[in-house]
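Numbering (this note's numbering), first residue to last: 170 to 909. Everything below concerns the one structure shown next.
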Amino acid sequence: MIKNRSIWMSVCPWATALLVLCLMAGCGGSSAKPDAAAKSSQQPFEDLASGTSHKAALQSDSPLVVERKAEPSPSSLGATERTASKPTVLAAAEDDRYASVTPNPKVAHRVDPPVTLSVPGVSGTDAAAYFPHPAAPRIAAPPAVPPTATDGASVANPLRDPNAGTTTDRPKMPEKTEPDPLSAGGVSPMPTKAAAQSTTPAAGKGRNVELSIQSPGDATITEKKPADSEGAKPDVPKPETDKKDGREPSLGDGLMRPKTSKHSDVKFDPIKENGPIFVNWPKPDLALVITGRQEGYLEPCGCAGFTRMKGGMSRRYTMLQMLRAQGWPVVGLDVGGTAKGYGKQAELKFQIAIEAMRKMRYNSVGLGLPDLKLPPEEVLAMILPSGNQKGMFVSGNVGLFQFDESILPRTQLISAGFKTIGLTSVLGKSFQEQLAGNTSLAMIAPDKLLQAAVPKLKDAHLKDPANFLVLLAYADRKETLDLVEKFPDFDLVITAGGMAEPPAQPEEIHQGKTKLIEVGEKGMYAVVLGFYKDPKQPMRYQRVTLDSRFESSPEMVALMAAYQDQIKNLGLEGLGIRPLSHPQKEVNGTFVGSDKCANCHAESYRVWKKTIHSQAFATLKKANPPRNFDPECISCHTVGWHPTKYFPYEGGFTSELASPKLMNVGCEDCHGPGEKHVRAENQGTKAEQLELRKAVAISKEEAANPNSKKQNCYSCHDLDNSPEFKFDLYWPNVEHHERE
Numbered sequence: 170m171i172k173n174r175s176i177w178m179s180v181c182p183w184a185t186a187l188l189v190l191c192l193m194a195g196c197g198g199s200s201a202k203p204d205a206a207a208k209s210s211q212q213p214f215e216d217l218a219s220g221t222s223h224k225a226a227l228q229s230d231s232p233l234v235v236e237r238k239a240e241p242s243p244s245s246l247g248a249t250e251r252t253a254s255k256p257t258v259l260a261a262a263e264d265d266r267y268a269s270v271t272p273n274p275k276v277a278h279r280v281d282p283p284v285t286l287s288v289p290g291v292s293g294t295d296a297a298a299y300f301p302h303p304a305a306p307r308i309a310a311p312p313a314v315p316p317t318a319t320d321g322a323s324v325a326n327p328l329r330d331p332n333a334g335t336t337t338d339r340p341k342m343p344e345k346t347e348p349d350p351l352s353a354g355g356v357s358p359m360p361t362k363a364a365a366q367s368t369t370p371a372a373g374k375g376r377n378v379e380l381s382i383q384s385p386g387d388a389t390i391t392e393k394k395p396a397d398s399e400g401a402k403p404d405v406p407k408p409e410t411d412k413k414d415g416r417e418p419s420l421g422d423g424l425m426r427p428k429t430s431k432h433s434d435v436k437f438d439p440i441k442e443n444g445p446i447f448v449n450w451p452k453p454d455l456a457l458v459i460t461g462r463q464e465g466y467l468e469p470c471g472c473a474g475f476t477r478m479k480g481g482m483s484r485r486y487t488m489l490q491m492l493r494a495q496g497w498p499v500v501g502l503d504v505g506g507t508a509k510g511y512g513k514q515a516e517l518k519f520q521i522a523i524e525a526m527r528k529m530r531y532n533s534v535g536l537g538l539p540d541l542k543l544p545p546e547e548v549l550a551m552i553l554p555s556g557n558q559k560g561m562f563v564s565g566n567v568g569l570f571q572f573d574e575s576i577l578p579r580t581q582l583i584s585a586g587f588k589t590i591g592l593t594s595v596l597g598k599s600f601q602e603q604l605a606g607n608t609s610l611a612m613i614a615p616d617k618l619l620q621a622a623v624p625k626l627k628d629a630h631l632k633d634p635a636n637f638l639v640l641l642a643y644a645d646r647k648e649t650l651d652l653v654e655k656f657p658d659f660d661l662v663i664t665a666g667g668m669a670e671p672p673a674q675p676e677e678i679h680q681g682k683t684k685l686i687e688v689g690e691k692g693m694y695a696v697v698l699g700f701y702k703d704p705k706q707p708m709r710y711q712r713v714t715l716d717s718r719f720e721s722s723p724e725m726v727a728l729m730a731a732y733q734d735q736i737k738n739l740g741l742e743g744l745g746i747r748p749l750s751h752p753q754k755e756v757n758g759t760f761v762g763s764d765k766c767a768n769c770h771a772e773s774y775r776v777w778k779k780t781i782h783s784q785a786f787a788t789l790k791k792a793n794p795p796r797n798f799d800p801e802c803i804s805c806h807t808v809g810w811h812p813t814k815y816f817p818y819e820g821g822f823t824s825e826l827a828s829p830k831l832m833n834v835g836c837e838d839c840h841g842p843g844e845k846h847v848r849a850e851n852q853g854t855k856a857e858q859l860e861l862r863k864a865v866a867i868s869k870e871e872a873a874n875p876n877s878k879k880q881n882c883y884s885c886h887d888l889d890n891s892p893e894f895k896f897d898l899y900w901p902n903v904e905h906h907e908r909e
């Protein structure tokens, strides 16, 4: 479903826009003004539409209405018939089955035909049915539906492994099925205490977190010591080694690596590093799992050591499955900011992240600034539910083309546990200003939206009015606090503002009535709020570091494989990536590869061959899934790419077949293109040789300076990919000298 649609969109953008218009208009294609039924869908927000443009509204406190553009006609974007606007209601049974939003039968919904995603070694019509590549490392993870036991019988934990046979320790893998979103139960009954304990994987299987029922009604997470194995660490070919003068190579030989995190001999213990979680928690009557600011980081890249890095959709999925397996009634909330950047790859990542959150059964997801910077028709195509999918997205003060509650609700009611959650989301005014030039977006000021949304959610005429109000605020911290002061009715405010790491405890406002939650950045953390009927301690707070205590999920690994497969099939041209001229091309020429350096710089070449730099491309091929076609990865693992903007220079690496001499981190990554230098040494004058030697030279001081105009180590060893990089510790691995 994902891949073929994305490729079709990239080839036929105008056809994509036409498809979106048809879907939103029920394929009617009408260009007439909205009828009375359509107009009624704007209630009770109709008083917000006074006819001013959204640009003017951003500059004043006046409300606004969607700009009426000639093409496309706003009326063609609406449904042919609508019912009166009410908050979207999500029902949640006590056993944690959240029913899908009941679709309006009069509104056209996108229903995609079954298509096949290409995952290495696997085929099928549903991404949820995929499992990892048969050759990939086997990863044990909790099943999507907890196993059940009768009469206390032991139930083994089936492995999500297509190679699993029917041996006694590896039962035959059950067929993967998605729970019916309209079923009464949604998950299998919880196993008995004996059965729950019996599902603990055997020692040495790599498990480092387990859930067990300690006593009736209580649930805790029991921390285990990390497994002996590093888990997902790739099996990278070792660089060349040798002995020198009858001794073992030393640090100065460029062979030994500093005893820092990734290369330490001490096994990494995520629990010791980041602390235990849910200590002494009884099973909550309601659990809110809160995330946001994914910012395009689908999975840890592994450059700093996969087990030591934080975040990733796979670990988040595993955590949610563990909580649900213990019978926690979970509600998933995300403040937005899922995407990052521009272009086809950014759109593909946004698409995959949404599919992942659907599989995690999120209830409410906001739209943040980076999401709204993507083409609106692409965003709309991704957020529309299809088939039995539930509607996740809510956007109170930003509409795609126009405000349409049947497509993008502005408020939600979620019946969960003993609470009815009333929820809306806003995009901060400062972020709206950055989108003011986008006439495809309808926007109103956050406070104007909240003036109407709060009474709507608490309306006593509703069958089940909200008794707990939540605001998703994609806004900076200052603006969020201003909104909290203006609208004290909210019990919980979740903001995209704040520090990179969520605080250890929530901030209390209005004498504790309102809790303010910060989500951190790059999806490295989740915040879990447990709510209880006990008046002595009605709420518990836990900041969860998504670290390697949570195993990779086969379902998410399959999605990541589908994503990498799309990138491979599209190629650089399909991704819209074009080579640009290198800034040193006029002086240095183009790239020639490290082998050209060996004759004149034999000692330096020997040092390079013994470093991990000379094997950098292999780490991409050995990753699970492989990433050797991903521009965001090959930019720092090959020669001739901009390391942070993810585009190649002319003459740089294009593929393993077309430019094998430019694989790995080579000499020219630091020294610049070497074509003219090589030519001058072979047939140039003495003056030319001296001039070009100077052009390719780089000093230790320049390499160590992040602000150097020349390429330096920090170009790739940045906070994202190498957060614990220290130049003085790493420099001896690559240190080499040449006579001037």
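Built from N, CA and C at the ideal position, the CB exists for glycine as well. Here the structure is a predicted model, which means the values were calculated and not measured.
Check	Outcome
Nearest neighbour of Pro675, chosen from Gly681, Leu640 and Leu685 [CA to CA]	Leu685
Secondary structure of Ser773, DSSP reduced to three states	helix
Exposed unless 16 or more other CB atoms sit within 10 angstroms - verdict on Lys895	exposed
Beta-carbon proximity of Leu543 to Glu524, cut-off 8 Å	no
Met693 versus Pro794 - alpha carbon distance	20 Å
Continuous alpha helix (DSSP H) stretch holding Arg527: start and end	Lys513 to Lys528
Alpha carbon of Tyr531 to alpha carbon of Leu541, nearest angstrom	20 Å
Ser594 burial status per 10 Å Cβ neighbour count (16 or more: buried)	buried
Given 8 Å, three or more beta-carbon pairs between the segment 471-483 and the segment 697-709	no
Cβ-based burial, Glu677 [other Cβ within 10 Å; buried from 16]	exposed
Lys513 beta carbon less than 8 Å from that of Leu467	no
Any 3 or more C-beta pairs closer than 8 Å across the segment 855-872 and the segment 778-794	no
Beta-carbon spacing of Ala872, Cys885 below 8 Å	no
Environment of Val448 [buried if 16+ CB atoms lie within 10 Å]	exposed
Proximity test, Gly560 beta-carbon vs the ligand MG heavy atom, cut-off 7 Å	With respect to the ligand MG, the structure shown offers nothing to examine, as it has no ligands at all.
For Gln160, three-class secondary structure by DSSP	Nothing in the structure corresponds to residue 160, since the chain is present only between 170 and 909.
CB of Val653 within 8 Å of CB of Ile459, strictly	no
Nearest to Asn902 (by Cα), restricted to the options Gln858, Lys737 and Ser783	Ser783
Complete runs of the alpha helix (DSSP H) confined to the segment 523-605 [at least 4 residues]	538-541, 545-552 and 598-603
Cβ-based burial, Ala669 [other Cβ within 10 Å; buried from 16]	exposed
For Leu661, the nearest candidate out of Gly591, Gln735, Leu604 and Ala605 (CA to CA)	Gly591
Contact under 8 Å by Cβ, Leu741 with Glu819	no
CA nearest to the CA of Phe570, picked from Val548, Ala585, Phe562 and Met561	Val548
Counted within 10 angstroms of its Cβ, other Cβ atoms place Glu806 as buried (16 or more) or exposed	Glu is not the amino acid found at residue 806; the sequence shown has His there. With 16 or more Cβ atoms within 10 Å of its Cβ, His806 is classed as buried.
Cα-Cα separation, Leu553 to Leu582	19 Å
Phe896 in three-state terms, based on DSSP	helix
Spatial neighbours of Tyr899 in its chain, beta-carbon cut-off 6 Å, leaving aside the 5 residues before and after	none
Buried/exposed call for Pro657, threshold 16 Cβ in 10 Å	exposed
Residues that DSSP places opposite Arg712 in a beta bridge	Val696
Sequence-distant residues of its chain with Cβ nearer than 6 Å to Ile663 (five each side left out)	Ile459, Val504, Leu641 and Ile686
Start-to-end residues for the beta strand (DSSP E) that takes in Asp503	Val499 to Asp503
Secondary structure of Met612, DSSP reduced to three states	strand
8 Å Cβ cutoff met for Gly461 and Gly506	yes
Run of the alpha helix (DSSP H) containing Phe475, from where it starts to where it stops	It is not in any alpha helix (DSSP H) - Phe475 carries neither H nor E in the DSSP assignment.
Ala239, buried or exposed, once every other Cβ within 10 Å from all chains shown has been counted against 16	At Ala239 the pLDDT is 36, less than 50, meaning the model places this residue with poor confidence; the figure from the coordinates comes in the next sentence. The residue is exposed, with fewer than 16 neighbouring Cβ atoms inside 10 Å.
Simplified DSSP state of Leu916, which is helix, strand or coil	There is no way to answer for residue 916, as the model of the chain reaches only from 170 to 909.
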